[in-house]
Amino acid sequence: MRKYAVWMSDSDALTRVYPAQTRAQIAALVAELPGDIRRADFAARRADLQRAEVIFSTWGMPALSEAEIAEYLPNLRAVFYGAGSVQYFARPFLSRGVRVFSAWAANAVPVAEYAVAQIVLSGKGFYQAVRRYERQGREASSAYADSLPCNYGIRVGILGAGMIGRMVLDRLRAYAYEVLAYDPFVSDEVLQSLGARRATLTEIFSTCQVVSNHVANLPSTVGMLDYALFSRMPRNATFLNTGRGAQVVEADLVRALQEAPDRTAVLDVTFPEPPAADSPLNALPNVFLTPNIAGSKGREVERMGAYMAEECARWLSGAPTPYEVTLPMLETMA
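What follows is the structure in structure tokens.
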């Protein structure tokens with residue numbers, strides 16, 4: 005007998021993440037209970053929730069206590085989350101023996117693609133070359149670009165070798181870079197298999213032309229990137245952040261950029277987000293801000309729903325499930 009499944013989210017993202025073709029694929033695997041469910045619907049949908057064995061969700065998944073799960077979802081066996089981090093809701097489910105699956109790997113793909121593109125552009129001095137062309141003219145822009153070593157034989161530093169970091173490292177093997185990596189949770193053998201050499205944060209910031217942050221979002225990583233590191237960045241070096249803004253001490257980054265205007269920061273994330281109205285990040289000519297666009301956007305979000313449909317099929321058949329999240333994993337993953 006097919007397992008009963010409900011669609012659950014407090015956002016309107018379900019139809020974007022799970023388009024018609026994906027929902028049809030899922031409907032062939034499980035017995036769907038009608039209608040999408042929000043937290044506000046729990047009392048009215050109690051009977052359906054108590055039958056549910058599977059949840060399909062995405063951004064807006066309600067964060068429930070163990071008591072709420074026991075009350076409303078006593079037969080639940082699995083949550084398929086068509087988005088990235090499950091940190092905010094997963095622990096109570098896992099503690100009750102409910103298996104949790106996440107599309108973090110699907111969400112990692114556009115971030116990795118974006119980061120590699122920014123690394124290559126940064127190696128060429130693209131960002132400041134464009135701004136100097138606009139403000140100072142072609143000759144100043146060309147002179148700046150000519151001062152960079154560009155994309156042959158330069159050192160690139162990758163902070164964090166989780167899912168996104170590993171995808172970035174794998175893609176960087178197509179370029180003539182010397183790649184250094186920082187991740188205390190990953191073995192030398194894994195880093196070497198991805199074409200990288202282990203290095204300290206100090207070595208990376210002191211010697212790399214481009215540094216790209218992909219460190220996991222954990223309490224222990226808040227404020228880990230400070231003036232002691234940013235002040236070591238070489239002339240014309242670029243710091244890229246598609247990880248988490250809270251890992252950066254903003255005042256320290258600003259100071260290092262003010263002291264060396266040839267340094268560049270390309271920030272897709274900040275803390276707070278967006279930056280405060282009076283933040284120097286909004287005005288510095290060597291800072292380039294984007295509104296958190298590295299992750300899944302447009303049709304890219306459909307990849308996450310497709311990953312969860314495929315993962316559900318594997319789970320139902322007893323095949324290995326590569327995107328399952330466990331309690332120990334939450335200690336080190338984003």
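As numbered in the working numbering, residues 5 to 338 make up the sequence shown, in order.
A virtual CB, placed ideally from N, CA and C, is assigned to each residue, including glycine.
No experiment lies behind these values; they were computed from the predicted model shown.
Discussion item. Which complete alpha helix (DSSP H) runs does the region 180 to 241 hold, if anything under 4 residues is left out?
Written reply: 192 to 197, 205 to 211 and 231 to 234
Worksheet entry | First and last residue of the uninterrupted beta strand (DSSP E) at G309 | If you number the sequence shown from 1, residue 309 lands on position 305. Per DSSP, G309 belongs to no beta strand (DSSP E); it is in the alpha helix (DSSP H), V305 to S321.
Fill in: Straight-line gap, Y137 to A149 (C-alpha atoms, nearest Å)
Position 133 of the sequence shown, counted from the first residue, corresponds to residue 137. Position 145 of the sequence shown, counted from the first residue, corresponds to residue 149. Approximately 11 Å, taken between the alpha carbons.
Discussion item. Between the alpha carbons of R303 and V172, how many angstroms are there, rounded?
Written reply: Stepping through the sequence shown from its first residue, residue 303 is reached at position 299. Stepping through the sequence shown from its first residue, residue 172 is reached at position 168. In a straight line, the C-alpha of R303 is about 21 Å away from that of V172.
Discussion item. Suppose you measure from the CA of R175 to the CA of V120; what does that come to, to the nearest Å?
Written reply: On the sequence shown, residue 175 is found 171 positions in, with the first residue counted as 1. On the sequence shown, residue 120 is found 116 positions in, with the first residue counted as 1. Each residue's alpha carbon lies about 7 Å from the other.
Discussion item. Tell me which residue opens and which closes the beta strand (DSSP E) that E361 is part of.
Written reply: Residue 361 is absent from the model: the chain starts at 5 and stops at 338.
Discussion item. Assuming L163 is part of the alpha helix (DSSP H), what are its boundary residues?
Written reply: As a working mapping, residue 163 is identified with position 159 in the sequence shown. Note, L163: premise wrong, no alpha helix (DSSP H); beta strand (DSSP E) at R159 to L163.
Worksheet item: Taking the C-alpha atoms as reference points, what is the distance between V58 and E254?
Response: Working through the sequence shown from its first residue, we reach residue 58 at position 54. Working through the sequence shown from its first residue, we reach residue 254 at position 250. Just so you know, the alpha carbons of V58 and E254 end up roughly 42 Å apart.
Worksheet item: Residue range of the beta strand (DSSP E) that R50 falls in?
Response: Residue mapping note: residue 50 aligns to position 46 of the sequence shown, counting from 1. No beta strand (DSSP E) holds R50; the alpha helix (DSSP H) holding it covers R50 to R55.
Worksheet item: Can you tell me where the beta strand (DSSP E) with Y118 in it begins and where it stops?
Response: Locating residue 118 in the sequence shown gives position 114, where the first residue counts as 1. Note, Y118: premise wrong, no beta strand (DSSP E); alpha helix (DSSP H) at W108 to G127.
Worksheet item: Looking at G127 and V214, is the spacing between their C-beta atoms short of 9 Å?
Response: Working through the sequence shown from its first residue, we reach residue 214 at position 210. Working through the sequence shown from its first residue, we reach residue 127 at position 123. Between V214 and G127, the C-beta spacing is below 9 Å.
Item to complete: Using beta-carbon positions only, say whether L331 and S99 come within less than 9 Å of one another.
Response: By one-based count along the sequence shown, residue 331 stands at place 327. By one-based count along the sequence shown, residue 99 stands at place 95. Yes, they are a contact pair.
Discussion item. Just to confirm the assignment, what range does the alpha helix (DSSP H) spanning L176 have?
Written reply: The sequence position of residue 176 within the sequence shown is 172, counting from 1. Membership of L176 in the alpha helix (DSSP H) is indicated by the continuous run M167 to L176.
Worksheet item: If you scan the region 251 to 293 from start to end, which runs of the alpha helix (DSSP H) of 4 or more residues do you find wholly inside it?
Response: 254 to 263
Discussion item. Taking the beta carbon of N286 as the centre, do at least 16 other beta carbons fall within 10 Å, making it buried, or is it exposed?
Written reply: In the sequence shown, counting from the first residue as 1, residue 286 sits at position 282. Looking at its Cβ environment, which holds fewer than 16 other Cβ atoms inside 10 Å, N286 is exposed.
Worksheet item: Among residues of its own chain, excluding the 5 on either side of P276, which ones have a beta-carbon nearer than 8 Å to its beta-carbon?
Response: Residue numbering aside, residue 276 sits at position 272 when the sequence shown is read from its first letter. Counting only Cβ-Cβ distances below 8 Å, and skipping sequence neighbours, we find G249.
Discussion item. For a test of the three-state rule: what should DSSP assign to V90, helix, strand or coil?
Written reply: Taking the sequence shown and counting its residues from 1, one reaches residue 90 at position 86. Of the three classes helix, strand and coil, the one that applies to V90 here is coil, per DSSP.
Discussion item. In this structure, how does DSSP classify S146 when only helix, strand and coil are distinguished?
Written reply: As a working note, residue 146 is residue 142 in the sequence shown. DSSP places S146 in helix when its eight states are reduced to three.
Practice prompt. From the DSSP output, in three-state form, read off F130 for me.
Written response: For this step, residue 130 is matched to residue 126 along the sequence shown. DSSP places F130 in helix when its eight states are reduced to three.
Item to complete: Would you mind sorting R239 into buried or exposed? The rule is 16 or more other CB atoms within 10 Å of its CB.
Response: As a position in the sequence shown, residue 239 is number 235, starting the count at 1. R239 sits exposed, since fewer than 16 C-beta atoms from the chains shown fall within 10 Å of its C-beta.
Discussion item. Out of D40, A9 and A35, which one is the CA nearest neighbour of S15?
Written reply: Reading the sequence shown from its first residue, position 11 is the one you call residue 15. Here the closest residue by C-alpha is D40.
Fill in: Simplified DSSP assignment, three categories, for V21
Residue 21 sits at position 17 when you count from the first residue of the sequence shown. V21 falls in the helix class under three-state DSSP.
Practice prompt. Less than 8 Å between the CB atoms is what I'm expecting for R236 and T206, so what's the real figure, rounded?
Written response: Numbered from 1 along the sequence shown, position 232 holds the residue referred to as residue 236. Numbered from 1 along the sequence shown, position 202 holds the residue referred to as residue 206. T206 and R236 do touch by the CB rule: their CB atoms are close to 7 Å apart, below 8 Å.
Fill in: Neighbour-count burial assignment, I297, 16 or more Cβ in a 10 Å radius
The residue you call residue 297 lines up with position 293 of the sequence shown. It counts as exposed.
Worksheet item: So is C154 buried or exposed if we call it buried at 16+ other beta carbons inside 10 Å?
Response: Indexing the sequence shown from 1 puts residue 154 at position 150. It counts as exposed.
Worksheet item: With a CB to CB cut of under 6 Å and the five nearest residues on each side skipped, what residues in its chain are close to A313?
Response: On the sequence shown, residue 313 is found 309 positions in, with the first residue counted as 1. Only T26, Q29 and I30 meet the Cβ criterion.
Practice prompt. Give the secondary structure of F97 by DSSP, where H, G and I count as helix, E and B as strand, and everything else as coil.
Written response: Taking the sequence shown and counting its residues from 1, the one referred to as residue 97 is at position 93. Of the three classes helix, strand and coil, the one that applies to F97 here is helix, per DSSP.
Worksheet item: Quick one: any contact between the region 80 to 100 and the region 53 to 67, if contact means 3 or more CB pairs under 8 Å?
Response: Between the region 80 to 100 and the region 53 to 67, the count of C-beta pairs closer than 8 Å reaches three or more; the two stretches touch.
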